[in-house]
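Chemist: If you want our numbering, it's the position in the sequence shown, counting the first as 1, plus 43.
First, the structure itself, so that you have it in front of you.
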Amino acid sequence: MKNYDVTALGELLVDFTMNGMSAQQNQLFEANPGGAPCNVLAMLQKLGRKTAFIGKVGNDSFGNMLKDTVNRLGINTDNLLMDDKVPTTLAFVHTAPDGDRSFSFYRNPGADMMLRAEEVSTGLIADSKIFHFGSLSMTDQQAEEATKTAVEAAKNSGALISFDPNLRPPLWDSLDRAKEKIRFGLSQCDILKISDDEIEFLTGTKDIDEGIEQIRKKYDIRLVCATMGKRGSKAYYRDIKTQCPTFLEVRTIETTGAGDTFMACVLDAVLRIGLDSFDERSLSEMLEFANAASSIITTRKGALKVMPEKSEILKLTEERKNSHA
């Protein structure tokens, strides 16, 4: 019996998102807690799961705010460390009119890069059913060693491993190195969430099915989910492929956290159904729920503090069913 459903390792940072203009016509930015791995845990908490986070923030006002926020969400922070020398990582999110975004990072270095292998609680990972990580904890050698220590601990304890590349080109000194580290993640995971842009980046093709076929031929990944923005999502499991449209009726403000919300719903389904027990119906239901949840988060600024309630997600899926009846 393991005490934690999901433990995640990686970046916890402040997303500064645009929030209007001042009287002097200067851009106003709102400091939203963020970071993909912890966003995933925040949504899992909303779904009633027990989670834990491994990472590092600066011992500064932003770091204290982040730790306090994560604690209040119910996520275990026993292995969230504070760095006295390196500040908390900051990201400025610039939102386009259609809700898509670009990023400017202040992370040279940032505290999340300072996590060391010996600081990783392998006991916490061994006490977890799923270990989740992304590629950004491998942009720097020190944090990469910590990540690989965590992955090894997960393997040794029989935990399932979940991976989301979460490609952010500005944070890599070379895109070839980014590909190499993402391929490491693919080689280790049982569950993969990957976006259409990341599929093209890795395989050179815009065709989702063709790109996923290339990935599945090379890596033994039991469940693969492809997210395609406004075109919805697909799931690939054994010889089953399913697709679900997105919920275009919602009014998107920004897309920050949509993929993380989707990832959390996939992990919740894996915990509920079991990775060996999916069929076409349960895969389709998983995608519909995950698409609904990620659609809702795009109507809100930020992600970590404003994840949707389960009741909101079910209401949206029910509305779709009724409109199609």
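Heads up, the beta-carbon is just placed ideally off N, CA and C, and yes, glycines get one too.
Predicted, not measured: the structure shown is a model, and the values here were computed from it.
#1: Could you tell me whether the segment 307-319 touches the segment 159-177, using the rule of 3 or more Cβ pairs below 8 Å?
#2: If you measure from the beta carbon of N107 to each beta carbon in chain C, is any gap under 8 Å?
#3: Considering only DSSP beta bridges, list what M64 is partnered with.
#4: Note down the Cα distance separating W215 from I225, rounded to an integer number of angstroms.
#5: So which of A346, F206 and A333 has the shortest CA-CA distance to L359?
#6: Assess contact between the segment 343-357 and the segment 68-82, defined as three or more Cβ pairs (one per stretch) separated by less than 8 Å. Is contact present?
#7: Please work out which residues of its chain come closer than 6 Å, Cβ to Cβ, to L235, disregarding the five sequence neighbours upstream and downstream, and give them in chain order.
#8: From K110 to S366, what distance separates their C-alpha atoms?
#9: Alpha carbon to alpha carbon, how far is K43 from D252?
#10: Could you pull the DSSP bridge partners for Q231 from this structure?
#11: At the level of alpha carbons, what is the spacing between G228 and S178?
#12: Could you tell me which whole beta strand (DSSP E) segments of length 3 or greater appear in the segment 109-135?
#13: Of the choices A95, T138, D126 and Q231, whose alpha-carbon is the least far from that of R159?
#14: Counting beta carbon pairs with one atom in the segment 59-67 and one in the segment 100-120, are three or more of them shorter than 8 Å?
#15: Please report the residue range of the alpha helix (DSSP H) in which T360 lies.
#16: In the DSSP assignment, what residue or residues form a beta bridge with Q286?
#17: Which of the three DSSP states, helix, strand or coil, is assigned to K236?
#18: Tell me whether the beta-carbon of A139 lies closer than 8 Å to the beta-carbon of N122.
#19: Which residue wins for smallest C-alpha separation from E352, given the options M86, F244, R363 and A193?
#20: Taking the continuous beta strand (DSSP E) assigned at A160, which residues delimit it?
#21: Assuming F321 is part of the beta strand (DSSP E), what are its boundary residues?
#22: Cα separation between S200 and A307?
#23: Looking at the secondary structure, which residues open and close the alpha helix (DSSP H) in which A95 lies?
#24: Pull the bridge partners of V57 from the DSSP assignment, please.
Modeler: The short version:
#1: Judged by Cβ distances under 8 Å, the segment 307-319 makes contact with the segment 159-177, as three or more pairs qualify.
#2: Of the protein chains in the structure, only one exists, and it is not chain C.
#3: Residue pairing by DSSP puts M64 in a beta bridge opposite Q70.
#4: The alpha-carbon atoms of W215 and I225 are separated by roughly 12 Å.
#5: Taking only the C-alpha atoms, the option nearest L359 is A333.
#6: Taking a cut-off of 8 Å for Cβ pairs, the segment 343-357 and the segment 68-82 touch, as three or more such pairs fall below it.
#7: Correct list, in chain order: F206, I264 and V267.
#8: If I take the Cα positions, the gap works out to 42 Å.
#9: This structure cannot settle anything about residue 43, because the visible part of the chain is limited to 44 through 368.
#10: Q231 is not bridged by DSSP to any residue.
#11: G228 and S178 have their C-alpha atoms roughly 7 Å apart.
#12: Taken in chain order, the whole beta strand (DSSP E) runs of length 3 or more contained in the segment 109-135 are 119-126.
#13: Comparing Cα-Cα distances from R159 to each of A95, T138, D126 and Q231, the minimum goes to D126.
#14: No: fewer than three Cβ pairs fall under 8 Å.
#15: Annotation: the continuous alpha helix (DSSP H) that includes T360 extends over K353 to H367.
#16: Checking the DSSP bridge columns, you'll see Q286 partnered with K277.
#17: For K236, the secondary structure class from DSSP, reduced to helix, strand or coil, is strand.
#18: No. Outside cutoff.
#19: A check of alpha carbon separations from E352 across M86, F244, R363 and A193 identifies M86 as the nearest.
#20: No residue range can be given for A160, since it is assigned to no beta strand (DSSP E) and is classified by DSSP as neither H nor E.
#21: First-last for F321: undefined, no H or E at that position.
#22: Going from the Cα of S200 to the Cα of A307 covers about 21 Å.
#23: Here A95 belongs to no alpha helix (DSSP H); instead the beta strand (DSSP E) covers T94 to G101.
#24: For V57, which the question treats as bridged, DSSP gives the partners P76 and L133.
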